[in-house]
Amino acid sequence: MAKTEYRIYVIELSKKVFTENRRFREANPQFNGVLECVYVGMTSKTPKERFEQHKTGYRNKKGHNLSSNIVKKYGSYLRPSLYNHIKPLTTRAAALKMEEILALELRRKRYAVWFN
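So the sequence shown is numbered by our numbering: it starts at 88 and just counts up by one.
Put into C-alpha coordinates, the structure is as follows:
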(Lines of atoms letter the chains of each structure in order from A and count residues from 1; the text may use other names and numbers.)
(Lines give C-alpha, C1' and ligand atoms only; values in the text may rest on other atoms or scores of the structure.)
Protein backbone atom coordinates (compact mmCIF):
# COMPACT_ATOMS: atom_id res chain seq x y z
CA MET A 1 0.00 0.00 0.00
CA ALA A 2 1.28 3.45 -0.88
CA LYS A 3 2.35 5.60 2.04
CA THR A 4 0.13 8.61 2.72
CA GLU A 5 1.69 11.97 1.94
CA TYR A 6 0.42 15.17 3.51
CA ARG A 7 0.54 18.52 1.77
CA ILE A 8 0.31 22.02 3.16
CA TYR A 9 -1.90 24.46 1.26
CA VAL A 10 -2.97 28.11 1.46
CA ILE A 11 -6.33 29.53 0.37
CA GLU A 12 -6.89 33.23 -0.11
CA LEU A 13 -9.97 34.51 1.69
CA SER A 14 -12.14 37.50 0.88
CA LYS A 15 -11.15 40.48 3.06
CA LYS A 16 -14.79 40.55 4.21
CA VAL A 17 -13.80 37.78 6.65
CA PHE A 18 -11.81 40.36 8.64
CA THR A 19 -14.75 42.74 9.05
CA GLU A 20 -17.49 40.10 9.40
CA ASN A 21 -15.83 37.46 11.62
CA ARG A 22 -14.92 38.56 15.17
CA ARG A 23 -12.84 35.43 15.97
CA PHE A 24 -10.80 35.89 12.78
CA ARG A 25 -10.22 39.57 13.60
CA GLU A 26 -9.20 38.77 17.21
CA ALA A 27 -6.74 36.11 15.99
CA ASN A 28 -5.00 38.66 13.74
CA PRO A 29 -4.29 41.89 15.66
CA GLN A 30 -1.13 42.37 13.54
CA PHE A 31 -3.13 42.69 10.29
CA ASN A 32 -2.87 46.14 8.69
CA GLY A 33 -5.08 45.53 5.64
CA VAL A 34 -2.23 45.62 3.11
CA LEU A 35 -1.69 41.89 2.49
CA GLU A 36 -4.35 39.19 2.10
CA CYS A 37 -6.44 37.14 4.48
CA VAL A 38 -5.54 33.44 4.12
CA TYR A 39 -6.37 29.99 5.47
CA VAL A 40 -3.54 27.49 5.99
CA GLY A 41 -4.34 23.79 6.05
CA MET A 42 -2.90 20.35 5.50
CA THR A 43 -4.35 17.43 3.56
CA SER A 44 -3.66 13.95 2.25
CA LYS A 45 -5.49 14.96 -0.95
CA THR A 46 -4.27 17.43 -3.56
CA PRO A 47 -4.72 21.06 -2.51
CA LYS A 48 -7.24 21.48 -5.35
CA GLU A 49 -9.35 18.51 -4.14
CA ARG A 50 -9.25 19.83 -0.57
CA PHE A 51 -10.29 23.32 -1.67
CA GLU A 52 -13.30 21.81 -3.46
CA GLN A 53 -14.22 19.89 -0.28
CA HIS A 54 -14.18 23.13 1.71
CA LYS A 55 -16.30 25.00 -0.84
CA THR A 56 -18.93 22.24 -1.17
CA GLY A 57 -19.29 21.55 2.57
CA TYR A 58 -17.97 17.99 2.18
CA ARG A 59 -19.03 15.40 4.79
CA ASN A 60 -17.24 12.09 5.29
CA LYS A 61 -18.96 8.68 5.40
CA LYS A 62 -19.73 9.14 9.11
CA GLY A 63 -21.42 12.47 8.36
CA HIS A 64 -18.72 14.69 9.89
CA ASN A 65 -18.34 18.07 8.20
CA LEU A 66 -14.74 18.25 6.95
CA SER A 67 -14.94 21.76 5.53
CA SER A 68 -13.93 24.95 7.30
CA ASN A 69 -16.86 27.36 7.56
CA ILE A 70 -14.45 30.25 7.01
CA VAL A 71 -13.21 28.74 3.72
CA LYS A 72 -16.71 27.72 2.64
CA LYS A 73 -17.99 31.29 3.08
CA TYR A 74 -14.89 33.39 2.25
CA GLY A 75 -12.50 31.15 0.29
CA SER A 76 -11.51 32.58 -3.11
CA TYR A 77 -8.71 30.46 -4.56
CA LEU A 78 -5.51 28.56 -3.82
CA ARG A 79 -2.26 30.51 -3.38
CA PRO A 80 0.43 28.03 -4.56
CA SER A 81 3.17 30.68 -4.39
CA LEU A 82 2.80 30.60 -0.59
CA TYR A 83 3.12 26.80 -0.20
CA ASN A 84 4.78 25.22 -3.27
CA HIS A 85 8.20 25.38 -1.60
CA ILE A 86 7.04 22.91 1.10
CA LYS A 87 7.64 19.28 0.17
CA PRO A 88 4.99 16.63 1.02
CA LEU A 89 5.33 15.27 4.55
CA THR A 90 5.13 11.62 5.59
CA THR A 91 3.31 11.90 8.94
CA ARG A 92 0.17 13.69 10.04
CA ALA A 93 2.00 15.08 13.09
CA ALA A 94 4.75 16.58 10.91
CA ALA A 95 2.12 18.09 8.60
CA LEU A 96 0.22 19.65 11.52
CA LYS A 97 3.46 21.17 12.83
CA MET A 98 4.38 22.52 9.37
CA GLU A 99 0.85 23.98 8.99
CA GLU A 100 1.38 25.89 12.26
CA ILE A 101 4.90 26.99 11.29
CA LEU A 102 3.72 28.36 7.91
CA ALA A 103 0.67 30.05 9.46
CA LEU A 104 2.77 31.83 12.09
CA GLU A 105 5.39 32.78 9.48
CA LEU A 106 2.67 34.36 7.31
CA ARG A 107 1.27 36.19 10.35
CA ARG A 108 4.72 37.62 11.06
CA LYS A 109 4.73 38.91 7.47
CA ARG A 110 1.42 40.68 8.28
CA TYR A 111 -1.02 38.36 6.50
CA ALA A 112 -4.27 37.71 8.38
CA VAL A 113 -4.22 33.92 8.89
CA TRP A 114 -6.65 31.25 10.04
CA PHE A 115 -5.50 27.70 10.77
CA ASN A 116 -6.63 24.89 13.06
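We put the CB at the ideal spot given by N, CA and C, even for glycine. Since we're looking at a predicted model, the values are computed, not measured.
(message) For the pair the region 120-128 and the region 144-161, tell me if three or more CB-CB distances fall below 8 Å.
(response) yes
(request) Please name the residue, chosen from Ser-168, Met-185, Tyr-145, that lies closest to Tyr-93 on a Cα-to-Cα basis. (result) Met-185
(message) What ranges does the beta strand (DSSP E) occupy inside the region 95-164, keeping only unbroken runs of at least 3 residues that lie completely in it?
(response) 124-130
(request) Specify whether the region 104-114 and the region 169-179 touch according to this definition: at least 3 beta carbon pairs, one from each stretch, less than 8 Å apart. (result) no
(message) Output needed for Arg-146: all residues of its chain with C-beta closer than 6 Å, excluding positions within five of it in sequence on either side, in chain order.
(response) Asn-152
(request) Provide the residue span of the alpha helix (DSSP H) that contains Arg-195, from first to last. (result) 179-195
(request) Would you list the residues sitting across from Tyr-93 in a DSSP beta bridge? (result) Leu-176
(request) Below 6 Å CB to CB, which residues in the same chain sit around Leu-193 once its five sequence neighbours on both sides are set aside? (result) Val-200
(request) Work out the CA separation of Ala-190 and Ser-131 for me, nearest whole Å. (result) 18 Å
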